[in-house]
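**Student:** Residue numbers (UniProt numbering): 1 to 157.
Note that CB positions come from ideal geometry on N, CA and C, so glycine has one too.
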Amino acid sequence: MAEWHGLIEPDLFGVLLAHLGKYYNMAWLVPERNNHGLTTITKIVELSYPRIYAEMVLVPPVKPSKRLGWLTTKTSKELIINNLIAEIRDDCHGIVCREVWQEMLTFIRTAGGQYRAENSMHDDRVMAMAIGKFVVSKLPPVIHPTTGKALSPEAWT
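(1) Measure the C-alpha to C-alpha separation of LEU71 and GLU46 and round it to an integer number of angstroms.
(2) Determine the DSSP secondary structure at ALA128, reduced to helix, strand or coil.
(3) Go through its chain and collect everything with a Cβ distance to ILE41's Cβ below 8 angstroms, but skip five positions before and after it.
(4) By DSSP, does LEU29 sit in helix, in strand, or in coil?
(5) How would you label GLY132, buried or exposed, when you count the other beta carbons within 10 angstroms and need 16 or more for buried?
(6) Inspect the beta-carbon positions of VAL96 and VAL126 and report whether they are closer than 8 angstroms.
(7) Just mark ALA86 as buried or exposed, buried being the case when its beta carbon has 16 or more other beta carbons within 10 Å.
(8) Taking all protein chains shown into account, decide if GLU103 is buried (16 or more other Cβ within 10 angstroms of its Cβ) or exposed.
(9) For a minimum of 4 consecutive residues, which ranges assigned as the alpha helix (DSSP H) are wholly contained in the segment 70 to 150?
(10) Excluding the 5 residues flanking GLY21 on each side, which residues of the same chain have their C-beta closer than 7 angstroms to its C-beta?
(11) Write down the C-beta distance between TRP4 and LEU16 rounded to the nearest angstrom, noting that I regard them as a contact closer than 8 angstroms.
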């Protein structure tokens, strides 16, 4: 997974993500759709970037609806953090970024069961890694063009 960290306006972040996606062989982008994320996603769509993570949402009584980006909720946060914890425990995480590890050292589960950064600390890198790792684990296998055999899930990154 590629990483970028900084402060940027949401629409310009969409431009940056589209450029980075192209640089990394048309990589899948998984922007959060919470808050300003919708502006980022709108810009990526305007730029006609072809690989944006989408989930199907069942909204009765209408047909399933495709929603671009990742929606972080209390439930989805627990899901992705538990997945990340399992990958770290099983030593199959592949995380090499020192800054991600530093954020993980201050990422806690409160007495009430909520996952978050300790007071005055940040968890952006932890959340980005957790979202990315979870989405990669759910993508279909990449098939090698000449052998027809499935490659590892890391082939998506």
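**Tutor:** On the basis of the coordinates in this document:
(1) In this model, LEU71 and GLU46 are separated by some 20 angstroms (Cα to Cα).
(2) DSSP, reduced to helix, strand and coil, places ALA128 within a helical segment of the structure shown.
(3) Excluding residues within five positions, the ones whose Cβ falls inside 8 angstroms are GLY14, PRO31, ARG33, ILE52, LEU68, GLY69.
(4) The answer is strand: DSSP assigns LEU29 an E or B state.
(5) Label assigned to GLY132: buried.
(6) No, the Cβ-Cβ distance between VAL96 and VAL126 is not below 8 angstroms.
(7) When all chains shown are included, ALA86 counts as exposed.
(8) If you draw a 10 Å sphere on the C-beta of GLU103, you find 16 or more other C-beta atoms in it, and that means buried.
(9) Within the segment 70 to 150, the alpha helix (DSSP H) runs of at least 4 residues that lie entirely inside it are, in chain order, 74 to 89, 98 to 104, 124 to 138.
(10) Excluding its 5 nearest sequence neighbours in each direction, GLY21 has C-beta neighbours in its own chain below 7 angstroms: ALA27, LEU29, TYR49, ARG51, listed in chain order.
(11) The pair is a contact, with the Cβ atoms about 7 angstroms apart (cut-off 8 angstroms).
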